Amino acid sequence: MRAAALVLPALVAASPVAQVVGNDGWADAPDPKQIQIVEASFSGSGCPQGTVSTSISPDKTVITFGFDAFQTEIGPGTKMTDRTKNCQLHLNLKYPGGFQFAVVESTYHGYAQLETGVTGNFYSTYYFSQDAQATTTTQTSITGGGIWAEGQVYTKADKIPTASYIYSPCGASGILNINNRIALTSTNSSASGFITDDDATVAFTQQLNIAWRSCKK
Ligand SMILES: *[C@@H]1O[C@H](CO)[C@@H](O)[C@H](O)[C@H]1NC(C)=O
């Protein structure tokens, strides 16, 4: 986080027209409520049709996906293909023209039971379809053994550092993709592990730090 704070002034200096603005202190920064989820879909090995519930808040600013089959396992009697699963979320968004915003927070919950020698990794890669080269990836790792050998729920709370922000396209709509992947590795072929992602929430209004910038003229 410290490194991100140091990089910010350089970014602003390099593109004087684009202002990095926060919610507070900027009267002309749009209300996050104006980012609306128009449509949502999903695809991947971790979310076959019929295993996902989707709920969008009445004001269309918060979406939660519930997953019944987003789970991986490793160890005796398991298959190689069960070690990693992915589920890509696609959010069709509309928002005020003339501004771009960066997604900075989202939350995931799941369950992990990992014996010593097994490591669970959960990656989330964020990008907009209109600029698929600009991606940012967060990673949470859980090292097996100790409390994890018994099994525990976990929370992955993503906070993307400033230097890694990806911005929505200029215009008034964009498709935000979030490719979530859970994967297990092991240094002990006798050890077992199991990890799930049970839900994913992307909440535009509940983000305290949503970042806006004006589009370059
Ligand atoms: C490998 O895992 C098994 C099952 O948890 C355990 O009994 C064994 O001690 C482990 N071996 C090593 C070398 O850690």
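As numbered in mature numbering (1 follows the signal peptide of the UniProt record, and there is no 0), residues -22 to -1, 1 to 195 make up the sequence shown, in order.
Note that CB positions come from ideal geometry on N, CA and C, so glycine has one too.
This one's a predicted model, so the numbers in the text were calculated from it and none came from an experiment.
Rounding to the nearest angstrom, what Cα-Cα distance links residue i and residue j in this structure?
{"i": "T56", "j": "E93", "result": "15 Å"}
{"i": "G76", "j": "P10", "result": "14 Å"}
{"i": "residue 197", "j": "Q12", "result": "An answer regarding residue 197 cannot be provided, because it is not within the stretch -22 to 195 covered by the chain."}
{"i": "T29", "j": "D60", "result": "16 Å"}
{"i": "C193", "j": "C148", "result": "6 Å"}
{"i": "T42", "j": "I34", "result": "7 Å"}
{"i": "D176", "j": "S31", "result": "11 Å"}
{"i": "Q49", "j": "A150", "result": "36 Å"}
{"i": "G3", "j": "P139", "result": "In this prediction, G3 scores a pLDDT of 44, lower than 50, which makes its location untrustworthy; the coordinate-derived value is nonetheless stated afterwards. Cα to Cα, G3 sits roughly 20 Å from P139."}
{"i": "P74", "j": "T114", "result": "23 Å"}
{"i": "H68", "j": "Y104", "result": "10 Å"}
{"i": "T97", "j": "T163", "result": "5 Å"}
{"i": "Q14", "j": "A112", "result": "22 Å"}
{"i": "Q66", "j": "A18", "result": "11 Å"}
{"i": "F20", "j": "M58", "result": "23 Å"}
{"i": "G44", "j": "K38", "result": "17 Å"}
{"i": "L154", "j": "P26", "result": "20 Å"}
Go through its chain and collect everything with a Cβ distance to residue i's Cβ below 6 Å, but skip five positions before and after it.
{"i": "K137", "result": "E83"}
{"i": "V16", "result": "N70 and K72"}
{"i": "A181", "result": "V40"}
{"i": "E51", "result": "D60 and F172"}
{"i": "D46", "result": "T29"}
{"i": "residue 253", "result": "The first residue shown for the chain is -22 and the last is 195, placing residue 253 beyond what the model contains."}
Looking only at its chain, what residues have a beta carbon closer than 7 Å to the beta carbon of residue i, apart from the 5 residues adjacent to it on each side?
{"i": "T118", "result": "F100 and K134"}
{"i": "S168", "result": "P54"}
{"i": "N64", "result": "G22, S23, G24, N157, N158 and R159"}
{"i": "D109", "result": "P147"}
Please check the pair residue i and residue j, which I expect to be a contact at CB under 8 Å, by giving their CB distance rounded to whole angstroms.
{"i": "Y86", "j": "A161", "result": "Y86 to A161, Cβ: 14 Å. No contact."}
{"i": "S102", "j": "T116", "result": "5 Å"}
{"i": "Y89", "j": "T174", "result": "5 Å"}
Who are the Cβ neighbours of residue i in its own chain at under 8 Å, not counting the five residues just before and after it?
{"i": "A127", "result": "Q91, L92, E93 and T94"}
Is it the case that the segment 119 to 128 contacts the segment 142 to 153, given that we only count it when at least three CB pairs across the two stretches are under 8 Å? no
Considering only residues of the segment 103 to 166, which uninterrupted alpha helix (DSSP H) runs meet the minimum length of 4 residues and lie entirely inside it, listed in chain order? 125 to 128
Item checked: Complete alpha helix (DSSP H) runs within the segment 25 to 87 (minimum length 4 residues, chain order) -> none
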